[in-house]
Every structure is written in C-alpha cells, then in structure tokens.
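The working numbering puts the sequence shown at residues 1 to 490.
Heads up, the thing below is written out as structure tokens.
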Amino acid sequence: MRFAKVNTALSVLIAVLFFGFNGYAQPTIPKEKIPADLAAEVKAQVEGLYSPEAAKRAQAANQLGSLAEKAAPAIPFLIGLLGDSAGTELKTQPESKITDITSPGIEAAVALGKIGEPALEPLIAALKDKNPHVRVLAAVALEELENPKAVEPLIAALKDENLDVQSNAARALGEINDTRAVDPLIAALKDNKPEVRGTAAVALGEIGDKKATMPLVALLKDPSEKVRRLAAVSLGEISDNQSVKPLVAALKDDNAEVRAAAARALGVQGEVKLSEAPLMAAVKDKNPQVRAAVIGALAGMKSPKIEDIFISSLKDEDANVRLKGAEALIEIKSPKAMKPLMAALKDESPGVRAAAAKALGALGDPMSVPALFDLLKDKKESVRASAAQALGKMKSPRAIKALVSVLRDGEPPVRVNAAVALGEIGSPRAVKPLITALGDKSMCVREAAAMGLNHITGKNFGEDQVAWHKYWEDNKESYLSVCNKGLCRY
C-alpha cells in the first residue's frame, strides 16, 4: 500500500489548527483491557499510548505505524486515541534532523493508514463519532487507505455539520478516485462554505471526469479567490476543450494567482489556436507570477513570435520569469537564442544559469563549449551539474578533460552528471577515469560510471572495478589509435 503522509499534511494541519491543543487524553479503552497475549513489540507501544506525556503517546502511535499490519491488534486502541489533540513535537522520521508539530491523534491516524486494510471498517465507523476531531482524522486515514469501500461513507461525510470533516472527506474521495463520488462532489461545489467548495474542486480534478468541467467552469466566477484558483487548477487536470474559452477569460481575473492558474491550465489544453494569442498578450502581465506561468504555458509552442517572447524573458526583472524563459528555450532549440543564453550563463540566479546551460546543451552549438567549461567551476553545485549535463548532450570530445576533472568534484550530483556526460560523449579516452570512478563513495556515481563504461564499450561488468580494469588492459588496443599510443590515461 502506498502511504503518502505528505499528501495529508494539509488535512492534518487543518485539523490541528481548528481544534487546537486540548491537553492530556488516553485511548477510550481502559488500560486494563489491553490483551495479555499481544506480541511484545505491539504491547509495549500500546501501553505507551497511555503515557501522561503527549510526546510519548504520539511516539508510541508512530512506532505502531512502523509495524504496519503487525500492529493490527492495536487498531481499537489507535481508534480510541484519535480524539487526543494535545500538541507536541516529534521526530516522525528517525533519519530526520527536524521535528514535526503533531499530536497523538494525528500519529494514530497516520499509524492506522500504515496498518492498512484491517483498519478500514473501524475507520468507517469512526466517521460517525460524536467527536469532530475523530471524524476528521478518520477521513485523513481513509484517504491513505484509498479503498473503494470507503467511498459511500465518505460521500455521507460531505454533509457533516463540521467544516473540516467535510473538507477532508472531499479530499479523501479525490484520492480514492472513484467516479461514484463525482456527482456528490459536484453538489458540494454549491456548498455555502468556500473551504468545502475548494476541496471539492480539487477532488474533482484528481478524479478527472469531464462531467465536472462545466460545474468547475461556473466556479471560475466564485466570490472566493482561492476557490476560483482551485477551479482553474482542476480544469487544467481534466483538460477538456470546453474549458478553454472560460480559462482565457480568467486570464483577466482581478487576482494574480487566479490568472496564473488559468495560464497553467491553458498550457495543458489541446486547443492551441484558441489560447495562444491570449497567452501571448498575458506575457505582459504586471505580476511576475503570472508572467512566469504564461511562459511555462507557452513552452513547447514554436513560432517566431513565441521564440522572441522566450528570448525577451531572459531579461525580465524577475528571476523566476527568466528561469521559465530559459527552460522554454530548452524545448524549442532556437538558434536565435544562442547569444542571449550565453549572456544568461552569468545571471545572478543559479537556477537561470543552470537552465541556460541545459538550453545551450540542447542547442548543441560548439561555440558555447568554452563558456560551459567556465560554468563547471560555478560556486553552485546545481549549475556545475547542469554544465556537465549540457556538455554531455553536445557530445564534444573537447569536453572530456574538463569533465574528468569534475569527477573529483566535492558534490555527488556533479560527479554523477560528469560520469553520465562522459558516457554520452562515448570516447575511449574516458574509460580509465570512469573505471577510477567505480571506486567513488557514492553509489549513484558508481552506477553512472558503470553505465558510461557500458555505453562506450558495449560491455557490462556492473560496478566491478577489477573486471573493468582487466577488460580494458586486455582490449584497449582494439579501440582508437590514441589508445594504441597509451594516451587514454585521463
């Protein structure tokens, strides 16, 4: 079962903020009811759910979740802890250096989601609990289970008297992605609470049924700016041509975030003829967020006017707009962009420099090679990595010596890109350096080096440095003349 705690972060945050921190609570089941025959690892954590300290209760629930289905006997106790909203901080991932703001109830919901199928019926029953906090977290856990059996109960929860229960039920229905929820969610678009309308719109976008297109189009005129934005986002996910004209109209919305969302939605629509001219006009929007979204929407479209827009965007006052322009130029490979991209290699933004390098790599003009060499010494690892990647795409033998030196860079991502680039160039001169790179402390670098060697030689000895060395010493004379002269030694 996929467990995506990240996806429920918003749900959990809403629940915590709405209900607040209420202090000490225990599972609703008396402690003396803990079965004596529970597995020791489960029993120890179930007993921890009764600690007077919120952090320890939360930690115990977290540990039960890590046991997954082995913790199924703890389900009643975790259900009983859902109402515990005492705030605490907890390192929810052992390897993490940061702590999360959470509660025992939240960790219980997370654990129930990890336990999986055995928790389904108890969670469905919890949707009718008298405590709204329990109902909210039951919906959160059901979202993670993604079980179609929860659809009907969650549809019923769309009419709950509590706002957060309604919103989390809608979110869960979107995650489960069952078309039975489409009509109830469309009905929820008319709810008098904007939070419910917004989450229903998001859920409909995730389900992707075109039946929702026109109801979502109507939501583009909602009084809530957030709801209008979410409607535009979902229309982009559904990608129904019926929404093109309304989304074009939304490019003139009073709210910049709505305009940006409309632009992004139009970028994924098939009706280029209807949206191209309005998007080109919107590239002059006063808000940089909108301009960036418009550039992203136009990316991939190729015409002289659009190419000029991308090139001009490299001089925009906003770094994100310049970044989007450079990224767009990666796709269209416009020769006119050569000089502007060369200039962009000196942009103050590392993201722009990196994107410009990639665009030059895609363009493949050998005149840019020296400038990319310079970028291999950039202070930002992402820029150095992109420069290495670009040189590989250009397959320039001139780059081999520079890339070999980058195999000693202090950052693994840079070394990975250098190894990949050397493989793409395909010269036997890179074999010995790549064999050396098989001893790198980073697994990713070793894998990239092995792939590069395979690309150059057609052989596959994996990460076996000894086998590669033996093969090369036995066979190097059958490669290029420079190797016959003993010059393959970088």
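We treat Cβ as the ideally placed atom computed from N, Cα and C, and that holds for glycine.
From what residue to what residue does the alpha helix (DSSP H) around residue i run?
| i | result |
| --- | --- |
| Leu90 | Here Leu90 belongs to no alpha helix (DSSP H); instead the beta strand (DSSP E) covers 88–90. |
| Gly174 | 163–176 |
| Ser405 | 400–406 |
| Val283 | Counting along the chain, Val283 falls outside any alpha helix (DSSP H), and DSSP gives it neither H nor E. |
| Val196 | 194–207 |
| Met394 | 381–394 |
| Pro215 | 213–219 |
| Thr436 | 431–437 |
| Ile425 | 412–425 |
| Glu53 | Where Glu53 is concerned, there is no enclosing alpha helix (DSSP H), given that its DSSP letter is neither H nor E. |
| Met443 | 443–457 |
| Leu363 | 350–363 |
| Arg259 | 256–267 |
| Ala471 | Position check: residue 471 holds Tyr in this sequence, whereas Ala was assumed. Counting along the chain, the alpha helix (DSSP H) containing Tyr471 begins and ends at 465–475. |
| Arg291 | 288–298 |
| Arg229 | 225–238 |
| Asp183 | 182–188 |
| Glu146 | Per DSSP, Glu146 belongs to no alpha helix (DSSP H) and is neither H nor E. |
| Phe373 | 369–375 |
| Ala40 | 40–48 |
| Pro246 | 244–250 |
| Ala157 | 151–157 |
| Phe77 | 75–81 |
Measuring alpha carbon to alpha carbon, tell me which residue in the options is nearest residue i.
| i | options | result |
| --- | --- | --- |
| Asp240 | Ala359, Gly267, Ala448, Gln465 | Gly267 |
| Lys130 | Asp160, Ala212, Gly392 | Asp160 |
| Ala265 | Ala250, Asn255, Ala277 | Ala250 |
| Glu195 | Asp183, Arg229, Gly65 | Arg229 |
| Lys245 | Ala60, Ala263, Lys315 | Ala263 |
| Glu107 | Ile124, Leu81, Val227, Asp183 | Leu81 |
| Arg135 | Asp253, Glu381, Leu158, Lys114 | Leu158 |
| Ile435 | Pro412, Asn417, Asn454 | Asn454 |
| Phe77 | Gly87, Ile115, Ile306, Lys97 | Ile115 |
| Pro288 | Glu307, Arg259, Glu276, Asp308 | Arg259 |
| Met338 | Ala357, Ser349, Asp347 | Ala357 |
| Thr28 | Ala54, Ile79, Ala156, Pro35 | Ile79 |
| Ala187 | Ile155, Glu463, Lys31 | Ile155 |
| Pro132 | Ile176, Ser85, Glu117, Glu143 | Ser85 |
| Ile306 | Lys315, Val294, Asp316, Glu317 | Val294 |
| Cys444 | Glu463, Pro428, Thr457, Ala139 | Glu463 |
| Ala355 | Asp164, Ser386, Gly296, Leu376 | Ser386 |
At which residues does the beta strand (DSSP E) containing residue i begin and terminate?
| i | result |
| --- | --- |
| Ile101 | 100–102 |
Check whether the Cβ atoms of residue i and residue j lie closer than 9 angstroms to each other.
| i | j | result |
| --- | --- | --- |
| Val352 | Ala326 | yes |
| Ser243 | Thr213 | yes |
| Asp440 | Leu403 | no |
| Ala111 | Asn62 | yes |
| Leu298 | Val321 | no |
| Arg171 | Val151 | no |
| Ala362 | Lys324 | no |
| Ala448 | Ala419 | yes |
| Lys91 | Ile101 | no |
| Lys211 | Asp183 | yes |
| Glu424 | Lys393 | yes |
| Arg384 | Asp409 | yes |
| Ser275 | Arg291 | no |
| Ala437 | Arg415 | yes |
| Glu348 | Glu381 | no |
| Lys43 | Pro35 | yes |
| Asp254 | Leu220 | no |
| Lys206 | Gly174 | The residue you asked about is not Lys; residue 206 is Glu in the sequence shown. In this structure, Gly174 lies closer than 9 angstroms to Glu206 by Cβ. |
| Ala119 | Leu137 | no |
| Phe373 | Leu360 | no |
| Glu69 | Gly113 | no |
| Glu47 | Ala60 | yes |
| Gly426 | Lys395 | yes |
| Ile238 | Leu204 | yes |
Between residue i and residue j, how many whole angstroms is the CB-CB distance? I'm expecting something under 8 angstroms.
| i | j | result |
| --- | --- | --- |
| Ala388 | Ala430 | The Cβ separation is near 13 angstroms, so there is no contact. |
| Ile309 | Met342 | The Cβ separation is near 19 angstroms, so there is no contact. |
| Ala261 | Val217 | Actually they are not in contact, since the Cβ atoms of Ala261 and Val217 sit about 14 angstroms apart, beyond 8 angstroms. |
| Ala319 | Leu345 | In fact, because the Cβ distance is near 14 angstroms, the residues do not count as touching under 8 angstroms. |
| Ser103 | Thr88 | 6 angstroms |
| Glu146 | Ile176 | 5 angstroms |
| Tyr479 | Pro413 | Not quite, the Cβ-Cβ distance comes to about 30 angstroms (not below 8 angstroms), so this is no contact. |
| Ala139 | Asn162 | Contact doesn't hold; Cβ gap of about 10 angstroms is too wide. |
| Leu189 | Arg180 | Rounded, the Cβ-Cβ distance is 17 angstroms, inconsistent with contact. |
### Task
May I have a chain-ordered list of the alpha helix (DSSP H) segments no shorter than 4 residues that lie completely inside the segment 305–347?
Contiguous alpha helix (DSSP H) elements confined to the segment 305–347 occur at 319–332, 338–344, taking only those with 4 or more residues.
### Query
Which whole runs of the alpha helix (DSSP H) in the segment 97–136 are 4 residues long or more, in chain order?
The alpha helix (DSSP H) runs lying completely inside the segment 97–136 and spanning 4 residues or more are 104–115, 120–126, given in chain order.
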